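Residue numbers for the sequence shown follow the working numbering, beginning at 7 and rising by one. Structure first, commentary second.
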Amino acid sequence: MSSEPDRAALAHATDHIARGLAQLTHRWRDLPGVSAILSSHLAEVQAIEDALWSILAIAIDTASGDQLAQIGALLGEPKVTLSDAKWRVMLHARIDANRSAGTVDELLAILLRFADAGDVTAVEYFPAGILFTAAALTGGFPPARVGGLLRRAKSGGVGVQLVAPASGATAFRFASADDVETAVGTGFSDTAQTSGGHLAGVY
7 MSSEPDRAAL
17 AHATDHIARG
27 LAQLTHRWRD
37 LPGVSAILSS
47 HLAEVQAIED
57 ALWSILAIAI
67 DTASGDQLAQ
77 IGALLGEPKV
87 TLSDAKWRVM
97 LHARIDANRS
107 AGTVDELLAI
117 LLRFADAGDV
127 TAVEYFPAGI
137 LFTAAALTGG
147 FPPARVGGLL
157 RRAKSGGVGV
167 QLVAPASGAT
177 AFRFASADDV
187 ETAVGTGFSD
197 TAQTSGGHLA
207 GVY
C-alpha cells in the first residue's frame with residue numbers, strides 16, 4: 007500500500023482576473039476605480055501563474071532546442087552526435103543512473119532503455135563484479151556511452167562491464183580448421199569496410 011498522500015490535481019488557472027472580480031461584493035463591484043485597481047493586481051498574479059506553468063511544462067519529452075540543451079547541461083549528458091529523440095532516451099537513463107543505488111535490477115533497467123530484454127544477459131561475479139552482455143543496442147546508441155551510464159549507476163567498489171554487440175550471427179570468427187573458409191559476414195573485412203564480422207567491444 008502506497009504511503010504517498012492524496013493530492014488534489016493541479017490545473018492551470020487562466021481566469022484570475024475574472025474570478026477575482028467576481029468575489030467583489032455588490033457595494034464595490036460597480037465602482038470602476040476598484041475594479042481597475044484589482045484587475046491590475048490580478049494581472050500580475052496571472053502572469054506569475056503563467057510563468058510557473060511554462061516552467062512545469064519544460065520536461066525532457068517536451069523540451070527542444072535550447073531548453074533541451076539546458077537539461078542536458080544540468081545532467082552532464084552532452085548531445086554530441088545524437089538526434090533529439092535519442093538524446094531524450096539518454097537523458098532519462100542519466101537520471102536513472104544518478105538516482106541508482108547500484109543494484110543489479112537498477113542497472114539492468116538502465117540497459118533495457120537501449121536494448122530488448124531478450125538480447126541482454128547479466129552475470130554476477132564474486133566478490134563484486136557484474137558483466138552485462140547485449141546482443142544489440144536498439145537505435146544505434148553508442149555502446150561506450152551506455153557503458154558509461156552503467157558505471158555511473160553502480161555501487162562503489164563494484165566492477166561493471168558491458169559487452170556489445172555480441173551477436174553470434176555477425177561476430178568475427180576464424181576458420182574452424184586449417185583449410186581456407188570464405189564467409190562474407192564473419193571473416194575479415196574488405197578495404198571498404200562493407201563486409202566482414204563484427205568484433206564485440208568491452209565498455
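Cβ atoms here follow ideal geometry from the backbone N, Cα and C, with glycine treated the same way. Small disclaimer: the values here were computed from a predicted structure and weren't measured.
Exposure label - residue i; buried when at least 16 CB within 10 Å
i: Y209; result: buried
i: D125; result: buried
i: L74; result: buried
i: F132; result: exposed
i: L113; result: buried
i: T139; result: buried
i: F180; result: exposed
i: S8; result: Confidence is the limiting factor: at S8 the pLDDT is only 43, short of 50, which leaves the residue's position unreliable and the question unanswerable from this model.
i: I64; result: exposed
i: I83; result: Before going further, note that residue 83 is Glu rather than Ile in the sequence given. With 16 or more Cβ atoms within 10 Å of its Cβ, E83 is classed as buried.
i: P149; result: buried
i: G135; result: exposed
i: R13; result: Residue confidence for R13 is low, a pLDDT of 46 falling below 50, so the modelled location carries little weight; the figure read from the coordinates is stated next. Under this definition R13 is an exposed residue.
i: L168; result: buried
Start and end residues, alpha helix (DSSP H) containing residue i
i: I43; result: 38-62
i: V152; result: 149-159
i: A99; result: 90-105
i: D3; result: No answer is possible for residue 3: it lies beyond the span of the chain, which begins at 7 and ends at 209.
i: H22; result: 22-28
i: H32; result: 32-35
Delimiting residues of the beta strand (DSSP E) encompassing residue i
i: L137; result: 135-140
i: V129; result: 126-131
Other residues of its chain near residue i: CB distance less than 6 Å, five sequence neighbours each side excluded
i: W34; result: V40
i: D102; result: I116
i: V152; result: F120
i: S46; result: none
i: V129; result: L137
i: G165; result: G135
i: T127; result: T139
Those residues which DSSP pairs with residue i across a bridge
i: Q73; result: Paired residue(s): none; Q73 is not in a bridge.
i: G207; result: A170
i: G78; result: Its beta-bridge partners do not exist; DSSP assigns none.
i: G165; result: G135
Contacting residues, own chain, Cβ-Cβ under 7 Å from residue i (five flanking each side not counted)
i: H22; result: L48, V51, Q52, E55
i: D122; result: T144
i: R94; result: I66, D67
is_contact[residue i, chain C] using C-beta, thresh 7 Å
i: V86; result: The chain labelled as chain C is not found in the depicted structure, where only one protein chain is given.
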